[in-house]
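*Asks:* Once you've had a glance at the structure underneath, I'll fire off some questions.
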Amino acid sequence: MSAVFDKPSLRHRMAPMVHGFDGPLAFAVFLLACAGMLTMYSSGFDHGTRFMDHGRNMLLAGFIMFVVAQVPPQRLMSFAVPLYVLGVGLLIAVAIFGITKKGARRWINLGIVIQPSEILKIAMPLMLAWWFQKREGQLRPLDFIVAGLLLAVPVGLIMKQPDLGTSLLVMAAGLSVIFFAGLPWKLILPPFALGLVGIGLLVFFESTLCAQGFRWPILHDYQQQRICTLLDPSKDPLGKGFHIIQGMIAIGSGGLFGKGFMQGTQTHLEFIPERTTDFIFAAFSEEFGLVGNLCLIAAFLFLVLRGLAIALEASTLFSRLLAGAVTMIFFTYAFVNMGMVSGILPVVGVPLPFISYGGTAMVTLGMALGILMSISKAKRLVQS
């Protein structure tokens with residue numbers, strides 16, 4: 000009889016699973032999730048079941064975060080090579096017999112239709128963090144070259160699909176690991192300077208490079224059009240430049256305090272394209288204005304800074320590199336999305352974390368948060 004009374008309660012059984020969870024990180028995610036639900040209700044209440052589906056996706060991401068957070072960093076490291084090999088193998092399969100939609104071959108049918116490039120958003124930093132962990136204390140220039148090749152293979156396959164947005168995210172995650180691993184500045188500054196020169200030449204010779212019939216090597220036609228549209232959206236205001244122009248109008252019309260919740264005319268008169276996905280930041284800006292934007296940016300900065308703090312406090316090189324790279328995924332998502340909607344970056348189809356609608360992206364974000372929670376939890380358990 001006493002054994003029945005001594006049986007631990009559900010709360011006591013669950014306590015070890017949540018012990019060590021990072022409170023500040025969870026608070027930042029909570030703020031962004033609230034902003035996402037608020038914005039989705041306003042921009043998507045008349046858009047089918049978007050609001051309910053967005054809430055479901057957030058719950059799914061939370062569940063994935065909770066599950067991944069239970070996996071110790073050392074166990075995560077054991078998944079690095081298999082997950083990377085699986086992801087690259089599926090990308091090759093996509094290139095050979097993948098499903099083509101709207102001119103892009105990005106999906107494959109394995110009983111269910113999946114987009115393998117999403118796997119690499121997590122597999123890439125895992126693989127490179129594992130690579131540098133194995134060479135801790137004996138890094139040579141050759142190790143950075145190998146890391147670059149490991150990064151170049153999936154990025155090249157994703158760009159070939161073509162999928163510029165996902166390739167940028169995978170590249171950013173991989174480059175973050177390489178940078179945090181100690182890449183010398185003498186190898187960073189030349190490409191950076193070359194990029195600035197290239198941007199300057201692109202702006203200076205825009206009239207020639209974007210002239211009718213002029214074709215750029217390497218880039219696809221639609222990618223060239225996106226860059227040219229960014230440089231001068233007024234050339235085709237009702238066509239290629241429509242997205243950027245309407246996004247900037249919505250952001251500017253929000254003013255200092257915005258038009259108010261559910262009062263955005265650009266949004267509800269459907270001038271903003273993809274108002275629940277890629278361009279939801281324009282809808283948010285119109286209704287909440289500059290003050291709302293600053294609060295949203297502050298929430299993202301808080302999330303990024305907390306992630307970097309977790310990386311700095313991590314006990315192993317693998318954990319530090321992985322946490323730093325995963326944190327930069329959030330930064331890249333937010334920076335690229337806000338930049339393209341504001342007209343300072345080309346439109347590449349990158350969602351705004353927790354705000355934009357999208358199930359696949361939410362699963363990736365849930366896994367990334369779970370990894371950060373796992374690393375933070377491992378450090379706290381060691382300290383206790």
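Read left to right, the sequence shown gives residues 0 to 383 (numbering that gives the first Met the number 0).
Yeah, the Cβ is synthetic: ideal placement off N, Cα and C, and Gly gets one too.
A quick note: this is a predicted structure, and the numbers were derived from the prediction, not measured.
Inspect the beta-carbon positions of T331 and L168 and report whether they are closer than 7 Å.
*Replies:* Stepping through the sequence shown from its first residue, residue 331 is reached at position 332. Stepping through the sequence shown from its first residue, residue 168 is reached at position 169. Their beta carbons are under 7 Å apart, which means T331 touches L168 by this criterion.
*Asks:* In the DSSP assignment, what residue or residues form a beta bridge with A313?
*Replies:* In the sequence shown, residue 313 corresponds to position 314, counting from 1. DSSP lists no partner for A313.
*Asks:* Between which two residues does the alpha helix (DSSP H) harbouring A146 extend?
*Replies:* Along the sequence shown, one-based indexing puts residue 146 at 147. Looking at the DSSP string, the run of the alpha helix (DSSP H) that includes A146 is P140 to K159.
*Asks:* How should E285 be labelled, buried or exposed, when 16 other C-beta atoms within 10 angstroms of its C-beta is the threshold for buried?
*Replies:* As a first step, residue 285 must be located in the sequence shown, where it is residue number 286. By the 10 Å Cβ count, E285 comes out buried.
*Asks:* Pull up the distance between the alpha-carbon of P115 and that of L90, whole angstroms please.
*Replies:* Within the sequence shown, numbered from 1, the residue matching residue 115 stands at position 116. Within the sequence shown, numbered from 1, the residue matching residue 90 stands at position 91. If I take the Cα positions, the gap works out to 6 Å.
*Asks:* Can the beta-carbon of P23 be found closer than 7 Å to that of R305?
*Replies:* The residue labelled residue 23 in the question sits at position 24 within the sequence shown. The residue labelled residue 305 in the question sits at position 306 within the sequence shown. Result yes, Cβ atoms of P23 and R305 sit closer than 7 Å.
*Asks:* Reducing DSSP to helix, strand and coil, say where D100 ends up.
*Replies:* Within the sequence shown, the letter at position 101 stands for residue 100. It is worth fixing the name first, because residue 100 is Lys in this sequence and not Asp. Of the three classes helix, strand and coil, the one that applies to K100 here is strand, per DSSP.
*Asks:* If you draw a straight line from the alpha carbon of M462 to that of H53, how long is it in whole angstroms?
*Replies:* The structure shown does not extend to residue 462, since the chain spans only 0 to 383, so no value can be given for it.
*Asks:* Does the beta-carbon distance from L351 to F256 come in below 7 Å?
*Replies:* As a position in the sequence shown, residue 351 is number 352, starting the count at 1. As a position in the sequence shown, residue 256 is number 257, starting the count at 1. No, these two residues do not count as a Cβ contact at 7 Å.
*Asks:* Mind reading off the beta-carbon distance from G164 to L150? Whole number of angstroms is fine, and I expect it under 8 Å.
*Replies:* For the purposes of this step, residue 164 is taken as the residue at position 165 of the sequence shown. For the purposes of this step, residue 150 is taken as the residue at position 151 of the sequence shown. Actually they do not touch by this definition, with Cβ atoms about 17 Å apart.
*Asks:* With DSSP collapsed to three states, give me the class of V347.
*Replies:* Taking the sequence shown and counting its residues from 1, the one referred to as residue 347 is at position 348. DSSP places V347 in coil when its eight states are reduced to three.
*Asks:* Using the three-state DSSP reduction, which class does R105 fall into: helix, strand or coil?
*Replies:* Position 106 of the sequence shown, counted from the first residue, corresponds to residue 105. The answer is strand: DSSP assigns R105 an E or B state.
*Asks:* Using three-state DSSP, classify V87 as helix, strand or coil.
*Replies:* As a working note, residue 87 is residue 88 in the sequence shown. Note: V87 maps to helix in three-state DSSP.
*Asks:* Keeping to the same chain, check which residues put their C-beta closer than 6 Å to that of F299; ignore five residues upstream and five downstream.
*Replies:* For this step, residue 299 is matched to residue 300 along the sequence shown. If we look at F299 and ignore the five residues flanking it on each side, its Cβ neighbours are A333.
*Asks:* Tell whether a beta-carbon distance below 7 Å holds between T38 and F329.
*Replies:* On the sequence shown, residue 38 is found 39 positions in, with the first residue counted as 1. On the sequence shown, residue 329 is found 330 positions in, with the first residue counted as 1. In this structure, F329 does not lie closer than 7 Å to T38 by Cβ.
*Asks:* By a C-beta neighbour count over all protein chains shown, 10 Å radius and 16 as the cutoff for buried, is R105 buried or exposed?
*Replies:* Along the sequence shown, one-based indexing puts residue 105 at 106. Classification of R105: buried, given that the 10 Å Cβ count is 16 or more.
*Asks:* Kindly list the residues whose CB is nearer than 6 Å to the CB of V176, restricted to its own chain and excluding five residues on each side of it in sequence; keep chain order.
*Replies:* Within the sequence shown, residue 176 is the residue found at index 177, counting from 1. For V176, where only same-chain residues beyond five positions count, the Cβ hits under 6 Å are P124, L127, A128, L320 and A324.
*Asks:* For S166, report the span of its alpha helix (DSSP H) as first-last.
*Replies:* For this step, residue 166 is matched to residue 167 along the sequence shown. Unbroken alpha helix (DSSP H) run through S166: L163 to F179.
*Asks:* Would you mind giving the Cβ-Cβ distance between Y40 and F26, rounded to the nearest angstrom? I have them listed as a contact below 8 Å.
*Replies:* As a working mapping, residue 40 is identified with position 41 in the sequence shown. As a working mapping, residue 26 is identified with position 27 in the sequence shown. The Cβ separation is near 22 Å, so there is no contact.
*Asks:* Does the Cβ of R225 have 16 or more other Cβ atoms within 10 Å, making it buried, or fewer, making it exposed?
*Replies:* Locating residue 225 in the sequence shown gives position 226, where the first residue counts as 1. So R225 counts as buried.
*Asks:* For V112, which beta-bridge partners are listed by DSSP?
*Replies:* Indexing the sequence shown from 1 puts residue 112 at position 113. Beta-bridge pairing links V112 to N108.
*Asks:* What number of angstroms, rounded off, separates the C-alpha of K239 from the C-alpha of G254?
*Replies:* Position 240 of the sequence shown holds residue 239. Position 255 of the sequence shown holds residue 254. Using only the alpha carbons, I get a separation of about 26 Å.
*Asks:* For L31, which residues of its own chain have a beta-carbon under 6 Å away from its beta-carbon, when the five flanking residues on both sides are left out?
*Replies:* The count along the sequence shown starts at 1 and reaches residue 31 at position 32. Around L31: A298 and F353.
*Asks:* Run the CB neighbour count on A210, radius 10 Å, all protein chains shown included, and call it buried at 16 or more, exposed below.
*Replies:* On the sequence shown, residue 210 is found 211 positions in, with the first residue counted as 1. So A210 counts as exposed.
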